[in-house]
């Protein structure tokens, strides 16, 4: 058993498997830090860094995400395969075979940190944390926040507390054998900076040098800038009205360079503004009239909290499809488009009659009024005893 500390050591784990997991982990850690509790020692750690085996695992997840952003069937097949041998057996099988050596290194790392509470936002780190608790330090509490809007087979039912962000995920968790005692439901988790934004779209258009009098469309597809984003951008060049197009290319340098060359060709009718990775991308989102994006839950959430309707053009996995369904069909914060020409038609309609977006903006305000789930998680952690 690990030694007891004068302060409660809270470890927030980070893994790059799409940037949403990092953003969510940061949001929770920031909320804990904002408590200014002298009895808490907060530890933020990229737990797959510093060891070749663990770094190889993380790079594998980055590769998987990029594959899914190009070939969605890839993840659908993987999710279907998790049913083989029982829904709670496939991840332990993978860990005991493919990740066996990496698990040993991960548990060794946790043993060096000696946490009292571990907060995870990814299914693999969550599984490793329960292994650490069961094999090395039984006093540790394992808390997992699921940043998705549904629950899939690889979320670990052996955690001490499993936190979800909507009723759909709550009922999904019960169907996956989580107990009501384990479950906790909070509003969507987001960065405190987003909840603090009060400036108008006009303010951010001026800040970034964007035209004030043009309908503005932002296009983003996660930090990797893939998922059919280039297809949608090319389609937008056919919009018949003058518009501004903000393109967030992220780490996709090739797309960024292509758009830089395209700018002069489509001007002045299309004011094309390519960006690479933007730390405060929510500011550009606030400057837009609509966001066109893939079904990543964090991107849609950020846009909704900025009061900007979403148009979803791609779902890389069943997880993203369920998130898209939640934000468009249930929360009514936007629309789903199966083809690019329907997006162009929608944008033309919105430019002509912007009031058709009002229903989505009103729904977005309702989501924002519920607050930031990261604050509730931090308050829970503050009194949660290891």
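Residue numbers (the numbering used here): 20 to 405.
Each residue gets a CB set at the ideal place from its N, CA and C atoms; glycine is no exception.
For clarity, every value in this text was computed on a predicted model and none was experimentally measured.
Coil, strand or helix - residue i by DSSP
| i | result |
| --- | --- |
| residue 290 | strand |
| residue 21 | Residue confidence for residue 21 is low, a pLDDT of 46 falling below 50, so the modelled location carries little weight; the figure read from the coordinates is stated next. Coil. |
| residue 233 | coil |
| residue 217 | coil |
| residue 208 | coil |
| residue 198 | coil |
| residue 128 | helix |
| residue 399 | helix |
| residue 295 | coil |
| residue 366 | helix |
| residue 272 | helix |
| residue 66 | coil |
| residue 264 | strand |
| residue 227 | coil |
| residue 33 | strand |
| residue 340 | helix |
| residue 53 | coil |
| residue 15 | Beyond the ends of the chain as shown, which are 20 and 405, falls residue 15; an answer cannot be given. |
| residue 40 | helix |
| residue 107 | coil |
| residue 302 | helix |
| residue 81 | helix |
| residue 319 | helix |
| residue 118 | coil |
| residue 386 | helix |
| residue 248 | helix |
| residue 350 | coil |
| residue 155 | coil |
CB-CB length for residue i against residue j, believed under 8 Å
| i | j | result |
| --- | --- | --- |
| residue 250 | residue 342 | Their Cβ separation, rounded to whole angstroms, is 21 Å, which puts residue 250 and residue 342 out of contact at 8 Å. |
| residue 281 | residue 291 | 6 Å |
| residue 98 | residue 337 | 5 Å |
| residue 237 | residue 324 | With 8 Å as the limit, residue 237 and residue 324 do not qualify as a contact, their Cβ atoms being about 14 Å apart. |
| residue 8 | residue 134 | A question about residue 8 goes unanswered here, because the residues of the chain that appear run from 20 up to 405. |
| residue 145 | residue 116 | About 19 Å separates the two Cβ atoms, so there is no contact after all. |
| residue 258 | residue 363 | 6 Å |
| residue 81 | residue 67 | Not a contact, Cβ separation roughly 10 Å. |
| residue 335 | residue 140 | Between residue 140 and residue 335 the Cβ distance is about 18 Å, and since that is not below 8 Å, they are no contact. |
C-alpha gap between residue i and residue j, whole angstroms
| i | j | result |
| --- | --- | --- |
| residue 158 | residue 41 | 26 Å |
| residue 285 | residue 263 | 11 Å |
| residue 380 | residue 354 | 12 Å |
| residue 394 | residue 50 | 5 Å |
| residue 378 | residue 278 | 32 Å |
| residue 168 | residue 78 | 25 Å |
| residue 183 | residue 340 | 17 Å |
| residue 32 | residue 148 | 10 Å |
| residue 318 | residue 304 | 10 Å |
| residue 321 | residue 315 | 10 Å |
| residue 388 | residue 365 | 28 Å |
| residue 20 | residue 132 | For residue 20, the pLDDT reaches just 44, beneath the cut-off of 50, and the residue's location in the model is therefore unreliable, although a value from the coordinates is still provided. Between residue 20 and residue 132, the C-alpha separation is close to 13 Å. |
| residue 271 | residue 312 | 15 Å |
| residue 382 | residue 154 | 47 Å |
| residue 399 | residue 70 | 32 Å |
| residue 349 | residue 386 | 12 Å |
| residue 137 | residue 176 | 15 Å |
| residue 248 | residue 333 | 9 Å |
| residue 185 | residue 191 | 10 Å |
| residue 36 | residue 260 | 38 Å |
| residue 327 | residue 206 | 19 Å |
| residue 34 | residue 65 | 6 Å |
| residue 269 | residue 373 | 29 Å |
| residue 404 | residue 161 | 11 Å |
| residue 368 | residue 356 | 14 Å |
| residue 152 | residue 345 | 34 Å |
6 Å CB neighbourhood of residue i in its chain, flanking five on each side removed
| i | result |
| --- | --- |
| residue 256 | 285, 289 |
| residue 52 | 61 |
| residue 294 | 267 |
| residue 308 | 234, 235 |
| residue 210 | 46 |
Residues of its chain near residue i, where Cβ-Cβ distance is below 8 Å and the 5 sequence neighbours each way are ignored
| i | result |
| --- | --- |
| residue 221 | 231 |
| residue 101 | 109, 110, 171, 172, 173 |
| residue 193 | 199, 202 |
| residue 189 | 183, 202, 204 |
| residue 351 | 378, 379, 382 |
| residue 401 | 51, 54, 56, 59 |
Residues bridged to residue i [DSSP beta-bridge criterion]
| i | result |
| --- | --- |
| residue 331 | 312, 355 |
| residue 161 | 137 |
| residue 60 | 28 |
| residue 180 | 162 |
| residue 203 | 182 |
| residue 238 | 266, 311 |
Same chain only: Cβ atoms within 7 Å of residue i, ignoring 5 sequence neighbours per side
| i | result |
| --- | --- |
| residue 113 | none |
| residue 58 | 26, 27 |
| residue 390 | 206 |
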